[in-house]
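Q: Each residue of the sequence shown is one higher than the one before, counting from 1 in UniProt numbering.
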Amino acid sequence: MVVEESTKGSSSPPWLLRYMRCLPFSSSSSKSSNPSVSEKDQEKLQRKPGGWKAMPYVLGNETFERLATVGLLANFMVYMTTFYHLDQVYATNIINIWSGTTGFAPLVGAFLSDAWWGRFKTLAFASIASFVGMVSLTLTAVIPSLHPPHCTKQELVKGQCVGPTTPQLAFLFMSLGWISVASGGIRPCSIPFGVDQFDATTEKGRRDINSFFNWYYTSFTVVILVAITLIVYIQDSVSWGIGLGIPTSLMLCSIILFFLGTRIYIHIPPEGSVFTGIAQVFIAAYKKRHVKVPNYQSDSGVAELVEGELYDPPLKGTTMFSKLPHTPHFSALDKAAVVLEGELDIDGEPKNKWRLCSVQQVEEVKCLLRVAPIWASGIICFVTMSQQGTFTISQAQKMDRHLGPKFQIPPGSLGVISMTTIGIWIPLYDQVIVPRLRKLTKHEEGITLLQRMGIGIFFSIMSMVVAGIVENRRRASASLHASADGVAPMHVMWLAPQLIFMGLAEGFNFIGQIEFYYKQFPEHMKSVANALPSCGWAGASYLSSVIVSIVHKFSGGHGRPDWLSNNINVGRDRYEEKQVHQMPIYFMNYDLVDYKAEPDRGLLTGHRVRCEDRAYGKSGSVPSARQSRSALEQQA
Numbered sequence: 001m002v003v004e005e006s007t008k009g010s011s012s013p014p015w016l017l018r019y020m021r022c023l024p025f026s027s028s029s030s031k032s033s034n035p036s037v038s039e040k041d042q043e044k045l046q047r048k049p050g051g052w053k054a055m056p057y058v059l060g061n062e063t064f065e066r067l068a069t070v071g072l073l074a075n076f077m078v079y080m081t082t083f084y085h086l087d088q089v090y091a092t093n094i095i096n097i098w099s100g101t102t103g104f105a106p107l108v109g110a111f112l113s114d115a116w117w118g119r120f121k122t123l124a125f126a127s128i129a130s131f132v133g134m135v136s137l138t139l140t141a142v143i144p145s146l147h148p149p150h151c152t153k154q155e156l157v158k159g160q161c162v163g164p165t166t167p168q169l170a171f172l173f174m175s176l177g178w179i180s181v182a183s184g185g186i187r188p189c190s191i192p193f194g195v196d197q198f199d200a201t202t203e204k205g206r207r208d209i210n211s212f213f214n215w216y217y218t219s220f221t222v223v224i225l226v227a228i229t230l231i232v233y234i235q236d237s238v239s240w241g242i243g244l245g246i247p248t249s250l251m252l253c254s255i256i257l258f259f260l261g262t263r264i265y266i267h268i269p270p271e272g273s274v275f276t277g278i279a280q281v282f283i284a285a286y287k288k289r290h291v292k293v294p295n296y297q298s299d300s301g302v303a304e305l306v307e308g309e310l311y312d313p314p315l316k317g318t319t320m321f322s323k324l325p326h327t328p329h330f331s332a333l334d335k336a337a338v339v340l341e342g343e344l345d346i347d348g349e350p351k352n353k354w355r356l357c358s359v360q361q362v363e364e365v366k367c368l369l370r371v372a373p374i375w376a377s378g379i380i381c382f383v384t385m386s387q388q389g390t391f392t393i394s395q396a397q398k399m400d401r402h403l404g405p406k407f408q409i410p411p412g413s414l415g416v417i418s419m420t421t422i423g424i425w426i427p428l429y430d431q432v433i434v435p436r437l438r439k440l441t442k443h444e445e446g447i448t449l450l451q452r453m454g455i456g457i458f459f460s461i462m463s464m465v466v467a468g469i470v471e472n473r474r475r476a477s478a479s480l481h482a483s484a485d486g487v488a489p490m491h492v493m494w495l496a497p498q499l500i501f502m503g504l505a506e507g508f509n510f511i512g513q514i515e516f517y518y519k520q521f522p523e524h525m526k527s528v529a530n531a532l533p534s535c536g537w538a539g540a541s542y543l544s545s546v547i548v549s550i551v552h553k554f555s556g557g558h559g560r561p562d563w564l565s566n567n568i569n570v571g572r573d574r575y576e577e578k579q580v581h582q583m584p585i586y587f588m589n590y591d592l593v594d595y596k597a598e599p600d601r602g603l604l605t606g607h608r609v610r611c612e613d614r615a616y617g618k619s620g621s622v623p624s625a626r627q628s629r630s631a632l633e634q635q636a
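(1) Tell me the DSSP bridge mates of Val293?
(2) Rounded to whole angstroms, what is the Cα-Cα separation between Val466 and Arg370?
(3) How would you call Val551, buried or exposed, if buried means at least 16 neighbouring beta carbons within 10 angstroms?
(4) Do you know whose CA, among Ile424, Ile242, Pro435 and Thr69, lies nearest Gly177's CA?
(5) What is the DSSP secondary structure of Val339, reduced to helix, strand or coil?
(6) Residues in the same chain with beta-carbon distance under 7 Å from Leu139, minus the five sequence neighbours each way, listed in chain order, please.
(7) Cutting at 7 Å between CB atoms, please list the residues of its own chain near Asn34, excluding the five before and the five after it.
(8) Relative to the ligand FAD, is the shortest distance from any of its heavy atoms to the C-beta of Pro350 smaller than 7 Å?
(9) What would DSSP say about Phe125, mapped onto helix, strand or coil?
(10) When DSSP builds the beta bridges, which residues end up paired with Gln408?
(11) Looking only at its chain, what residues have a beta carbon closer than 7 Å to the beta carbon of Pro599, apart from the 5 residues adjacent to it on each side?
(12) Considering just the uninterrupted stretch of the beta strand (DSSP E) at His481, what are its terminal residues?
(13) With a threshold of 8 Å, are at least 3 pairs of Cβ atoms found where one atom belongs to the stretch 150 to 157 and the other to the stretch 249 to 263?
(14) Note the first and the last residue of the continuous alpha helix (DSSP H) segment covering residue 665.
(15) How far does the alpha helix (DSSP H) with Pro247 in it reach, from first residue to last?
(16) By how many angstroms is the C-alpha of Asp347 removed from the C-alpha of Lys519?
(17) Are residue 646 and Phe275 closer than 8 Å when you measure CB to CB?
(18) State the Cα-Cα distance for the pair Tyr429 and Gly423, rounded to the nearest angstrom.
(19) In terms of residue numbering, what span does the alpha helix (DSSP H) encompassing Pro489 cover?
(20) Pick helix, strand or coil for Leu107, following the three-state DSSP scheme.
(21) What residue from Leu495, Ala476, Met493 and Trp494 has the CA that sits closest to Gly486's CA?
(22) Is Pro167 helix, strand or coil by DSSP?
(23) Quick check on Pro522: does DSSP put it in helix, strand or coil?
(24) Is the stretch 454 to 464 touching the stretch 368 to 387 in the sense that three or more CB pairs, one from each, lie closer than 8 Å?
(25) Excluding the 5 residues flanking Ser11 on each side, which residues of the same chain have their C-beta closer than 7 Å to its C-beta?
(26) Quick one: what does DSSP say Pro350 is sitting in, helix, strand or coil?
(27) Which of the three DSSP states, helix, strand or coil, is assigned to Ser29?
(28) Taking 8 Å as the threshold, find out whether the stretch 116 to 127 comes into contact with the stretch 240 to 250 through three or more Cβ pairs.
(29) Ignore the nearest five residues each way along the sequence and tell me which others in Ser136's own chain have a CB closer than 8 Å to its CB.
(30) Which residues bound the alpha helix (DSSP H) around Gly272?
(31) Ends of the alpha helix (DSSP H) at Val365?
(32) My assumption, with CB atoms under 8 Å, is that Thr390 sits in contact with Thr92. Please give the rounded CB distance.
Now the structure itself:
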């Protein structure tokens with residue numbers, strides 16, 4: 001496998017594998033021959049890779065797509081409340097639903113790429129979709145008929161502005177839909193497509209892949225900083241048309257660059273998706289739901305198979321460490337591997353892969369089910385991060401944002417505080433704190449991954465508690481001074497503590513999740529491991545939308561004020577924050593109870609040997625905290 005080979009025994013940053021959301025490594029493992037690949041495709045695979053000649057086109061495409069998406073999301077709350085005159089609850093729900101859809105979209109894009117289209121076609125279609133979405137969104141700011149009429153700040157504070165019409169909202173949602181489609185195609189394919197351009201079978205090729213990872217992360221970091229500072233400032237202080245038009249123009253440049261490199265690229269044909277194998281296990285188990293599973297004897301938690309009862313062929317084209325042991329847990333899934341009469345052909349292969357799966361396939365699905373509880377607890381933690389990303393901006397709009405007599409901090413740029421916290425904390429934790437903890441705890445990583453995730457949940461709770469305290473003080477200040485625009489004479493940097501806590505929550509919980517999932521899956525499912533944190537964030541966005549809608553619906557009425565009023569100076573959203581910060585407490589207790597039950601069993605695995613121990617051996621490389629800096633993406 002190209003990517004895995006590049007990370008073993010080298011200094012390449014495995015945290016960048018996270019960006020290969022949902023991409024099956026097994027389908028991109030090599031450039032070797034394949035009987036299903038045409039002679040024309042074989043010629044493409046055998047010729048010299050494009051190498052660094054292809055990198056400006058690949059990196060340019062990914063960089064500008066991120067710039068467009070991140071620049072939009074960072075300040076989109078302000079756009080909808082001040083430019084489209086939407087109320088706070090409606091705007092928050094739009095952001096959460098769109099963010100969740102964009103987070104899940106790479107699952108679909110990766111499946112289409114691996115099963116049918118291939119990476120080049122997927123990237124080409126997604127790039128065009130991104131440009132269409134950005135052009136459409138820019139038009140909503142430029143063409144008067146596509147947005148509500150302008151109103152003054154006083155009218156906005158009093159709620160007297162005219163809202164958008166149904167056609168205007170429909171055009172806005174269409175624009176966001178195109179951007180989600182683009183993210184679904186570009187994000188799971190950009191890094192693998194870049195890696196495809198190098199020959200990982202040579203030492204030079206592996207060094208080039210390492211350099212490519214470094215350049216990718218550097219360009220991504222620059223994009224984040226530019227998007228939430230310069231682009232947001234232009235949108236907030238100059239013009240929304242210009243602020244949206246700049247990333248749109250850059251996206252056009254990226255498309256031109258991408259297609260200019262067509263003749264240089266190496267094109268790896270699609271060879272099937274890992275998600276197909278997962279679906280096959282569930283469907284085969286359902287079809288054989290009335291079949292009895294053989295009895296097993298188990299020593300040390302590892303089941304001993306009765307030979308001939310289950311379909312357990314040797315793995316082809318892989319190392320001896322790739323074989324997963326059979327476990328007695330989730331035995332209903334074992335029915336998918338029970339061999340019935342007439343299900344094997346003369347070569348010993350399944351006649352129908354939707355009726356008979358291998359033990360290896362079944363065990364890989366079990367790995368996925370074992371981490372489901374931890375994944376669910378991560379969603380609850382991400383809900384607090386999602387709430388901070390929307391309501392913090394609403395708080396900032398009603399605070400003194402001046403730095404000097406003329407400059408005002410754009411509300412959407414406050415995310416820099418959390419990013420800076422993560423950037424400082426990760427190397428400090430990895431280089432200073434972990435070595436000292438290792439001496440105290442005798443644990444290789446200082447503390448366990450589950451403990452690290454629990455600390456992250458604690459910091460997310462603290463962030464919401466501090467946010468409630470600051471909001472209480474801000475409202476009191478606004479009520480005391482009663483300015484015409486509703487802005488409290490309280491500086492926006494009062495929001496820094498809650499953003500710092502949120503940065504620490506990401507540094508512990510989100511990065512801890514990345515490492516946890518990476519360790520729990522065999523190499524054939526590393527793509528799923530890389531996808532789970534992003535899918536958890538998407539699920540949190542949907543859940544956050546549900547919470548906001550419920551609080552908005554049931555908190556008002558009978559003479560009581562709505563907790564989430566459009567004017568936060570008269571609303572009671574600090575109570576909603578208290579409700580949110582209580583949720584992670586329950587799941588932190590759950591994590592601790594689960595850790596107590598399985599303190600030395602690879603965290604939720606049913607046997608003492610974790611999945612990755614058999615996939616790579618005890619010395620298999622896993623990402624460290626320093627190598628997991630991709631959590632910076634979520635703050636944007």
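All residues carry an ideal CB built from backbone N, CA and C; glycine is no exception.
A: Taking the definition as stated:
(1) Secondary-structure assignment with DSSP links Val293 through no beta bridge to anything.
(2) Looking at the two C-alpha atoms, the distance is approximately 34 Å.
(3) Buried: at least 16 other Cβ atoms inside 10 Å.
(4) Comparing Cα-Cα distances from Gly177 to each of Ile424, Ile242, Pro435 and Thr69, the minimum goes to Thr69.
(5) Coil.
(6) Excluding its 5 nearest sequence neighbours in each direction, Leu139 has C-beta neighbours in its own chain below 7 Å: Leu146, listed in chain order.
(7) Low confidence applies here, because Asn34 scores a pLDDT of 45, under 50, leaving its location unreliable and the question unanswered by this model.
(8) Here there are no bound small molecules, and the ligand FAD is not part of this structure.
(9) Under the three-state reduction of DSSP, Phe125 is assigned to helix.
(10) Listed as beta-bridge partners of Gln408 by DSSP are His402.
(11) Here Pro599 scores only 39 on pLDDT, less than 50, and its place in the model is too uncertain to base an answer on.
(12) Annotation: His481 is outside any beta strand (DSSP E); the continuous alpha helix (DSSP H) that includes it extends over Leu449 to His481.
(13) Not touching, per the Cβ criterion.
(14) One cannot answer for residue 665 here, as it falls past the ends of the chain, which runs 1 to 636.
(15) Bounds of the alpha helix (DSSP H) holding Pro247 are Trp240 to Leu260.
(16) For Lys519 and Asp347, the distance between alpha carbons rounds to 35 Å.
(17) Missing from the structure shown is residue 646; the chain here goes from 1 to 636 and no further.
(18) Here the alpha carbon of Tyr429 sits roughly 11 Å from the alpha carbon of Gly423.
(19) Run containing Pro489: none in the alpha helix (DSSP H); it sits in the beta strand (DSSP E), Ala488 to His491.
(20) Of the three classes helix, strand and coil, the one that applies to Leu107 here is helix, per DSSP.
(21) Checking every option, the nearest Cα to that of Gly486 belongs to Ala476.
(22) Secondary structure at Pro167: helix, using DSSP grouped into helix, strand and coil.
(23) Three-state result, Pro522: coil.
(24) Short answer: they touch.
(25) Only weak support exists for where Ser11 lies, its pLDDT of 36 falling under 50; the coordinates are left without a value.
(26) Strand, per DSSP.
(27) Unreliable placement is indicated for Ser29, whose pLDDT of 36 sits below 50; no coordinate value is reported for it.
(28) Contact between the stretch 116 to 127 and the stretch 240 to 250 is absent, because fewer than three Cβ pairs lie under 8 Å.
(29) Only residues of its own chain outside the window of five on either side were considered, and among them Phe171, Met174, Ser175 and Trp178 have a CB closer than 8 Å to the CB of Ser136, listed in chain order.
(30) Taken as a continuous stretch (DSSP letters only), Gly272 belongs to no alpha helix (DSSP H), as it is neither H nor E.
(31) Its alpha helix (DSSP H) spans residues Val359 to Arg370.
(32) The beta carbons of Thr390 and Thr92 sit about 5 Å from each other, so the pair counts as a contact at 8 Å.
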